[in-house]
Structures are given as structure tokens and as C-alpha cells.
């Protein structure tokens, strides 16, 4: 069996950079525990730059949850209220941890929104969510993407079973031992590169971007209240991500800052040895990654109508989001970032662009992931 040839991935990025003015991105791929791709194109990420990884942060939170499952502190099939008694209010007592962390709880947000002080105060935010009634009947497999509240639900669960903040557990058990550049609230000074505004799309009008603040999508992104940052009240995701106040609070919904190499390394270490990171024993046993990556929900998202699939905090691939095998687990972000582990293909993968490319029919991250898997399969043939 020959070694996989991953050169097609770097060629694709170089072509994009040559054809699209201002395009900049990072890409990193580990294969079999070895770093086989670590590249950056464009000027924005020159040097040792890092940026906000948006909802790829939820994948980091899910890795922490997975460790606590492995420790025997969390049972994904147990009611969330076993760990967080107040969560049983308003008919939510039977909701399992797995249902909650796979976006089935119907706790998209608070009608009318919340002030930023509360949004970034995880314990106060969690208390409000515990009292809310679900937006839909429970136990029917209905899912809706909890864009902001998922991070709060993860954080409160970790507080209840460890007495620590999720960011503290992550720093102690994952980031510091691995030495990776993915930070929750303690990013190194001088290395942050701002998320750039999305490129304009011909034919896109302001009306196309309308969000009803009391519709599911509006509730999920707090669209009535927005975020108060250093420059005033903002509603755009890049302005929120670029706020030092938000990054310091490091919400597990979207607040991590890192590099593609750091993200790919964490995922590679989740299922296999990674010598360059000093990982001899992976973070998860095979039984653990199998359990926490098992699909818990699948179907149309109540917030945007797109097909979605989730495991225990992780996003799962499917026909409309073909980023990996059925064994893969990871998460994408609002800036079109993508990071995941794929144990069957022995891949740890991360792609971080400088700005969102939401209007592309197939994201660059998914295209790159297909090229990576094709290289692996070709080498096996």
C-alpha cells in the first residue's frame, strides 16, 4: 500500500487564492497521526495567525463532554435533569442528555432576546433556559439548531458534574497536554486575525437576509437584541467574533480561537496516537468515540429547513453535508470553517477561511474533505 497523495488539496487552495482576490485560508490534515498537510494561502493568515472558529467551538465542547462520558460522570441516555434538577421545569424532565445535545430540546432562545451581559454569563443564561418551555412537543425527533444556547447547555452540564467551567476542563485535559493552538478565552496576544466580512453576492438583496426575531431562526441567534460589543450594538457574526469581550468570555457556542493545525490535531488525538503532540494514548477509547459520535438526530432543521444530523454535541455527515464517513464526528462554523475526526479514514481535518462563503453550493471544506478521503482510498487500492 502506497502513502496517500494529498497534493490535490493544496493545489485547490492555491487555485482559489490565484482566482479570487482577497481569498485567504488555512488547511491542516493529520493522517494516521502524522501531519501531512499544513498550509496557508493568501495574506490574511501570514505568519502564525489564528482566528475565531465559530461553531467549530461546539465540537471542542463535545470533546469535553465525551471525556466526561468516558469517565462515567455522564450517561448520554439519562435525563438531563438527573444532573441539573431545575432543567425538569416546564415538562422537560424526560429529555435525555443525548436529546438535548443533539438539538432536540426546543430551547432555541428567549423571545425578545437577552442582553449581552446575560448572554455571556453562562450560569445566568442557563438558569433562564432551565425555566423555559420547549418550543415543540418533545420525544418526536424534532430538531432545530441551537446556535447560541447549545454552548450554554454544554457548559451547565459540565458545571453540574465537575464543579468546573467547560473551558477549564478543556484547558487542563486537552489543550495544555497537547499544546495545540485552539483556545477558549486565553488566546495569546498579537496573533488574532479578524474574521472578514462576507464577499458580496450578485443578486442578493437586503430582503433576502430578513430574519424575523420571533421565528425559530431569529430566536436562535438572539436577533432582537443583538450583541453589545466595544463599538456598540451589532448583529453580524464577524463583528461579534472579532469582539475582545466576546472572545474573552469564550462561549462554547462560537467563541474559540485557533488555527487549522490546532483543530486538526485535537481531532486526530481524539481517536489515535499523534507522536508530534506527545499523544500515545488517544483521548477517547474506541468504545467512547463510537458512543459519543453515534447519530442522535436527523431531519429538517426547524430553523432553516436544511437537513441536519447530530450526535452528542457533534455534527454528523450526511448526503447534503458529505464531510466524512458514517464514523466521522466534528462541526462546521459560520465562517465556513470545518473540523472533524474520521477514524475509519484515520483523518484529523480542519479548514479555516478568512470569510464566509455561504453562497457556494458546496463548501470548500467539504470539497477538500472529499479530496482527502479520495487520497486515502486511492492509496489503499
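Numbering (our numbering), first residue to last: 2 to 382. Virtual Cβ for every residue (Gly too), placed ideally from N, Cα, C.
When the options are compared against residue i, the one with the closest alpha-carbon
i: residue 162; options: 271, 284, 355, 72; result: 72
i: residue 37; options: 63, 126, 350; result: 350
i: residue 156; options: 127, 312, 226, 220; result: 127
i: residue 52; options: 280, 64, 74, 28; result: 28
i: residue 362; options: 323, 303, 353, 348; result: 323
i: residue 135; options: 112, 77, 117; result: 112
i: residue 241; options: 266, 221, 284, 195; result: 195
i: residue 214; options: 344, 114, 8; result: 114
i: residue 248; options: 160, 168, 337, 35; result: 168
i: residue 110; options: 79, 150, 87, 229; result: 150
i: residue 34; options: 253, 231, 23, 276; result: 276
i: residue 341; options: 66, 59, 224, 48; result: 59
i: residue 164; options: 84, 102, 148; result: 84
i: residue 285; options: 64, 131, 39, 22; result: 64
i: residue 252; options: 26, 212, 121, 171; result: 121
i: residue 181; options: 129, 145, 269; result: 269
i: residue 211; options: 357, 237, 142, 24; result: 237
i: residue 179; options: 264, 250, 117; result: 264
i: residue 367; options: 334, 382, 148; result: 334
i: residue 106; options: 5, 257, 302, 381; result: 302
i: residue 266; options: 138, 39, 222, 8; result: 39
i: residue 198; options: 20, 24, 42; result: 24
i: residue 310; options: 337, 332, 281; result: 332
i: residue 26; options: 373, 381, 365, 308; result: 365
i: residue 287; options: 68, 18, 19; result: 68
i: residue 104; options: 153, 226, 282, 352; result: 153
i: residue 254; options: 30, 62, 81, 44; result: 62
i: residue 387; options: 291, 140, 224, 185; result: Since the displayed the chain opens at 2 and closes at 382, residue 387 lies outside it and no answer follows.
i: residue 256; options: 330, 187, 329, 326; result: 187
i: residue 192; options: 12, 21, 47; result: 47
i: residue 329; options: 338, 125, 348; result: 348
i: residue 217; options: 132, 10, 290, 148; result: 148
i: residue 292; options: 279, 159, 312; result: 312
i: residue 79; options: 87, 90, 101; result: 101
i: residue 30; options: 250, 18, 11; result: 11
i: residue 32; options: 357, 271, 307; result: 271
Residue i in three-state terms, based on DSSP
i: residue 209; result: At residue 209 the pLDDT is 47, less than 50, meaning the model places this residue with poor confidence; the figure from the coordinates comes in the next sentence. Helix at residue 209.
i: residue 352; result: strand
i: residue 219; result: helix
i: residue 52; result: strand
i: residue 232; result: coil
i: residue 252; result: coil
i: residue 97; result: strand
i: residue 381; result: helix
i: residue 247; result: helix
i: residue 363; result: coil
i: residue 183; result: strand
i: residue 258; result: strand
i: residue 138; result: coil
i: residue 86; result: helix
i: residue 203; result: Residue confidence for residue 203 is low, a pLDDT of 37 falling below 50, so the modelled location carries little weight and cannot support an answer.
N- and C-terminal bounds of the beta strand (DSSP E) containing residue i
i: residue 340; result: 339 to 343
Span of the alpha helix (DSSP H) around residue i
i: residue 267; result: 261 to 272
i: residue 238; result: 238 to 242
i: residue 132; result: 123 to 132
i: residue 117; result: 117 to 120
Alpha helix (DSSP H) runs contained entirely in the segment 141 to 181, provided each spans 4 or more residues: 150 to 163, 167 to 171
The segment 242 to 250 / the segment 42 to 57 touching (three or more Cβ pairs under 8 Å): yes
What are the start and end residues of each continuous beta strand (DSSP E) run of 3 or more residues lying completely inside the segment 6 to 75, in chain order? 26 to 32, 35 to 42
Considering only residues of the segment 276 to 353, which uninterrupted alpha helix (DSSP H) runs meet the minimum length of 4 residues and lie entirely inside it, listed in chain order? The alpha helix (DSSP H) runs lying completely inside the segment 276 to 353 and spanning 4 residues or more are 287 to 293, given in chain order.
Using 8 Å as the cut-off, can you tell me whether the segment 285 to 298 makes contact with the segment 308 to 318, which would need three or more C-beta pairs spanning the two stretches below that distance? yes
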